[in-house]
Amino acid sequence: MSFPKKHLSDPLLSHKPYTPGIQPNFTERVIKLNTNENPFPPSEKVREKVLSEIDSLNLYPNPHSSTLRTCVANLHNLSEDQVIIGNGSDDLLNLCVRCFAGGTLEVGMLAPSYSLYEVLASIQGAKIVGVSFANDDFDLPLQGIAASRANLFFLTNPHAPSGKEYGLADLEKAIENFSGIMVIDEAYADFASHNSISLLSKYDNLIITRTLSKSYSLAGLRVGYALASPALVSVLDQAREVYNVDRLAQAGALAALSDRSYFETTKTQIIKLREELRIEFDHMGWRTIPSGANFLFTQPSRQGDSGPDTAADLYEFLFDREILVRYFPQNQLTESYLRISIGKPAEMGILMDRIKEWQTQEKRK
Ligand SMILES: Cc1ncc(COP(=O)(O)O)c(C=O)c1O
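Just so you know, the sequence shown maps onto residues 2 to 366 in the numbering used here.
Here it is as structure tokens:
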């Protein structure tokens, strides 16, 4: 029996919730390349700090995540009042929508990009304006962004799901020609060749969001942060839940951020594996978008065929062999591609073996 509609708020009446990638009950056999998690465990230092915090769980956490703010500020050579910490970067994206959208204040996003933006806007009853790409090169649609007239725009860089990295010149054009609040979602920036932090000193309508879910192997702990002008941070702080980052998360995040050598080693290895996989796809003649992220967006082909049927066929072939990747059939620009997260070296080996097996199979009529 469904819940009586008369009790629901207007936005919720037409709301469609977010669909996350499959999170299987963990079995040793599943190779999970569908939600861009880091295949390596967190730094050993995280375990120590999280364990040592357990005895203090009777006490509320620091409501400002003060030590973590200082640590992030130091990491990026910013001041503490330019940093806010969230329960994953999703929490910060949500704060942006709460503060800057609703009523006549519309939300803009690249279409396709991270589908949570639409979900957050919808809960807030805000209209969403999707700015499409001209083609599957995923070049930044600068004119569309400027013309969107949104009050808040989510620009994902590196872009998801394509992995495409936008240059600083393009990003500056996007910000300069947009009169609202520009959020650059840098969830994957640690795997990219550059980031937009230098733009913070130039633009006071810019918010950059980051996550520890990907490059710091902490998707399960839920920590992200946003960087912006002190004035913007204080607005976001007003809408934040008081204790939005729990004790274990604050302690674990501090430990992960402090272990620079583990971060550098694992990040470098993921980038190396990504480039090796890309070369293999290139050799097979697959069109793959150059990636600045921890995943590849590639158009599978078999015996000269590519397109939605081929992509769906490989997705199912891999699924049946307990290899999870992501397929986005809902959009013309993505329906012929698969998004494959970078896993451990052995997992990449098994993936390639299965792909080669698939390629030699008779295609279905
Ligand atoms: C573009 C983008 N932004 C944000 C997130 C969410 O990150 P978090 O785990 O910090 O909430 C993701 C997660 O996949 C993402 O792809």
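All residues carry an ideal CB built from backbone N, CA and C; glycine is no exception.
Can residue i be considered in contact with ligand 1, in the sense that its beta carbon sits closer than 8 Å to one or more heavy atoms?
i, result
"A112", "no"
"L94", "yes"
"N295", "no"
"V326", "no"
"N59", "no"
"R70", "no"
"G344", "no"
"R223", "yes"
"G89", "yes"
"Y115", "yes"
"A188", "yes"
"A102", "no"
"A256", "no"
"T36", "yes"
"A193", "no"
"S214", "yes"
"A240", "no"
"T335", "no"
"A161", "yes"
"A220", "yes"
So what's residue i in DSSP terms, helix, strand or just coil?
i, result
"S307", "strand"
"V51", "helix"
"V132", "strand"
"A220", "coil"
"L200", "helix"
"Q239", "helix"
"G104", "coil"
"G109", "strand"
"S302", "strand"
"T20", "coil"
"P162", "coil"
State the beta-bridge partners of residue i as determined by DSSP.
i, result
"M183", "F154 and L207"
"I32", "I324"
"Y226", "I86 and R211"
"I341", "L297"
"T289", "T299"
Apply the 10 Å Cβ neighbour rule to residue i and answer buried if 16 or more other Cβ atoms are within range, or exposed otherwise.
i, result
"F192", "buried"
"L9", "exposed"
"K7", "exposed"
"V243", "exposed"
"S337", "buried"
"Q125", "buried"
"I182", "buried"
Since residue i and residue j are thought to touch, with beta carbons under 8 Å apart, how far apart are those beta carbons, to the nearest angstrom?
i, j, result
"S307", "P301", "7 Å"
"L153", "C97", "6 Å"
"L255", "R279", "Not quite, the Cβ-Cβ distance comes to about 34 Å (not below 8 Å), so this is no contact."
"T210", "L93", "5 Å"
"Y382", "F264", "Residue 382 lies beyond the range of the chain shown here (2 to 366); nothing can be said about it."
"E38", "A220", "5 Å"
Under 8 Å from any heavy atom of ligand 2, does the C-beta of residue i make it?
i, result
"T157", "You won't find ligand 2 in this model; what it holds is ligand 1."
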